[in-house]
Amino acid sequence: MADTDIFNYTDVQQSELSKSSPALLTVAAVITAIIMVVGLSGNLLTVVALLKCPKVRNVAAAFIISLCIADFLFCAVVLPFAISGFWTKTWSHGGILCKLVPFLRYGNVGVSLLSIALITLNRYIMIAHHSWYSRVYRKHNIALMIVFSWMFSYGMQIPTLLGVWGKFDYDPELGTCSIVPDDNGRSAKTALFVIAFIVPAMLIFICYARIFWVVHSSEQRMREHQRTQHTKPSSTLNNGNEKRSTIKDTRETKARRNEWRITKMVLAIFLSFLVCYLPITIAKVADSHVHYPVFHITGYLLLYASACVNPIIYVIMNAQYRAAYAAALCCPLSRLAGLTSEKWNERHGYSFSNTRTVLSQVSLGESRADPRGSLPTGR
Numbered sequence: 001m002a003d004t005d006i007f008n009y010t011d012v013q014q015s016e017l018s019k020s021s022p023a024l025l026t027v028a029a030v031i032t033a034i035i036m037v038v039g040l041s042g043n044l045l046t047v048v049a050l051l052k053c054p055k056v057r058n059v060a061a062a063f064i065i066s067l068c069i070a071d072f073l074f075c076a077v078v079l080p081f082a083i084s085g086f087w088t089k090t091w092s093h094g095g096i097l098c099k100l101v102p103f104l105r106y107g108n109v110g111v112s113l114l115s116i117a118l119i120t121l122n123r124y125i126m127i128a129h130h131s132w133y134s135r136v137y138r139k140h141n142i143a144l145m146i147v148f149s150w151m152f153s154y155g156m157q158i159p160t161l162l163g164v165w166g167k168f169d170y171d172p173e174l175g176t177c178s179i180v181p182d183d184n185g186r187s188a189k190t191a192l193f194v195i196a197f198i199v200p201a202m203l204i205f206i207c208y209a210r211i212f213w214v215v216h217s218s219e220q221r222m223r224e225h226q227r228t229q230h231t232k233p234s235s236t237l238n239n240g241n242e243k244r245s246t247i248k249d250t251r252e253t254k255a256r257r258n259e260w261r262i263t264k265m266v267l268a269i270f271l272s273f274l275v276c277y278l279p280i281t282i283a284k285v286a287d288s289h290v291h292y293p294v295f296h297i298t299g300y301l302l303l304y305a306s307a308c309v310n311p312i313i314y315v316i317m318n319a320q321y322r323a324a325y326a327a328a329l330c331c332p333l334s335r336l337a338g339l340t341s342e343k344w345n346e347r348h349g350y351s352f353s354n355t356r357t358v359l360s361q362v363s364l365g366e367s368r369a370d371p372r373g374s375l376p377t378g379r
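Each residue of the sequence shown is one higher than the last, beginning at 1 in UniProt numbering.
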């Protein structure tokens, strides 16, 4: 669509943005700028910390890096145009960007949600099907999962980009560029919402329901196991076995608690994603004629905040990530790149690569510890 057509639309129909007060839009532009700065710095710092610090370099970290890259691109490419939209109340950047920016916006949202789904699936297999873990999460499989999340999120938009299933164009009701019906009246918005949002959300919900069930069963089995150990008759041999068992149980308990902390962190990421995306969805459905502009603007700001909230969650909920951030901030990159696993463990006393859990083994009633040791760093 030509730029002249875009401006003709704004003359004919009042857009969603034009219904908002100038003061509200100015505040929204400032908040979006803050979100952009925090998102760019936070996601970049997370990627650097995860790549350079062996302690947090595990399978889940690979998916978190993919999530951070998607959020970084969202802040770098999409939010500047959102700020411009709040400031000017319309789109003034030409037809090519009018197609490209929403393509990147929807694609990055899809990658973010699929990355969260992959992290949740990783937690589920680690906890509920531990014996599968080393077979499923080989390096090439991890790479394929990440590539799939990007190709699927952007690939399903190709028909819309080509204008054969809806099209990316200026939406006069929104006052910005989005998915609009094509010449045949077809639009991909509903299908994209169901495929890219509802399906991953259902997968995440099912995985967490199963995770909580396994954890609950595991706690019961652990308590029964501890009661059994305490009721055994004492002897010199038994005392030696009990000491070794206590040391082993302590180590396994620490590993299990660490994995459970990561699982709770991923749940917090997903819940924050819902909190950030549901308000704008509800506003679009419940107030389609924009009688209450403040609800729509608030929904947009929450949506944008989803791109910067994850690093904040990492800092609040995980001590290992806090240590990784501190190392990334305090050490020059040249020194940080040379930081080995041994040096890290000397400083912090605990290696993430040794956090292999017995949670699933206990929950399934297995009587022997896994003899294979720890998961190789970086897998």
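Beta carbons: idealized from backbone N, C-alpha and C, even for Gly.
With fewer than 16 other Cβ atoms from the protein chains shown falling within 10 Å of its own Cβ, residue 224 counts as exposed. Taking all protein chains in view, the Cβ of residue 314 is crowded by 16 or more other Cβ atoms within 10 Å, so the residue is classified as buried.
Leaving aside the five residues that flank residue 133 on each side, the residues in its chain whose CB is nearer than 6 Å to its CB run, in chain order, 125 and 126. By the Cβ rule, the stretch 55-75 counts as touching the stretch 146-154, because three or more pairs are nearer than 8 Å. In this structure the stretch 75-92 does not lie against the stretch 158-167, because fewer than three pairs of beta carbons, one per stretch, are closer than 8 Å.
Look at residue 89 here: in three-state DSSP terms it is coil, with no helix or strand label. In its chain, beyond the 5 residues on either side, 296, 299, 300, 302 and 303 have a beta carbon closer than 8 Å to the beta carbon of residue 280.
The beta carbons of residue 173 and residue 21 sit no closer together than 9 Å. Bridge partners of residue 71 according to DSSP: none are assigned. Scanning its chain for C-beta atoms nearer than 8 Å, with the 5 sequence neighbours on each side dropped, one finds around residue 186 the residues 165 and 166, in chain order.
For residue 103, no beta strand (DSSP E) encloses it; the enclosing alpha helix (DSSP H) starts and ends at 95-128.
Listed in chain order, the non-local C-beta contacts of residue 266 below 8 Å within the same chain comprise 60, 116, 119, 120 and 123, local neighbours out to five positions each way being set aside.
Non-local beta-carbon contacts of residue 309 in its own chain, meaning distances under 6 Å to residues more than five positions away in sequence, involve 272 in chain order. The beta carbon of residue 44 sits closer than 7 Å to the beta carbons of 72 from its chain, once the five residues preceding and following it are set aside; these are given in chain order.
At the C-beta level, residue 19 and residue 323 stay beyond 9 Å of one another. The beta carbon of residue 38 lies closer than 7 Å to those of 308 in the same chain, with the five residues before and after it left out. Following the DSSP letters along the chain, one finds residue 304 inside the alpha helix (DSSP H) bounded by residues 293-317. Per the C-alpha coordinates, the member of 326, 262, 190 and 275 positioned closest to residue 211 is 262. Around residue 33, the same chain offers 83 as residues with beta carbons nearer than 6 Å, after the five sequence neighbours per side are excluded. Around the C-beta of residue 162, fewer than 16 other C-beta atoms lie within 10 Å, and the residue is accordingly described as exposed. Cβ atoms of residue 79 and residue 35 come within 8 Å of each other, at about 7 Å.
Secondary structure at residue 178: strand, using DSSP grouped into helix, strand and coil. In the same chain as residue 106, and ignoring 5 residues on each side of it, the C-beta atoms closer than 7 Å to its own belong to 157 and 192, in chain order. At a Cβ-Cβ threshold of 9 Å, residue 179 and residue 197 do not count as neighbours. Taking the Cβ atoms as the reference, residue 317 lies roughly 7 Å from residue 264, within the contact range of under 8 Å. Between residue 42 and residue 269, the C-beta spacing is not below 9 Å. Here the C-alpha atom of residue 188 lies approximately 39 Å from the C-alpha atom of residue 130. The beta carbons of residue 81 and residue 28 sit no closer together than 9 Å. Taken in chain order, the complete beta strand (DSSP E) segments of 3 or more residues contained in the stretch 147-229 are 167-171 and 176-180. For residue 276, the secondary structure class from DSSP, reduced to helix, strand or coil, is helix.
The distance from the Cβ of residue 89 to that of residue 25 is about 7 Å, consistent with a contact at the 8 Å cut-off.
Residue 110 places its beta carbon less than 9 Å from that of residue 153.
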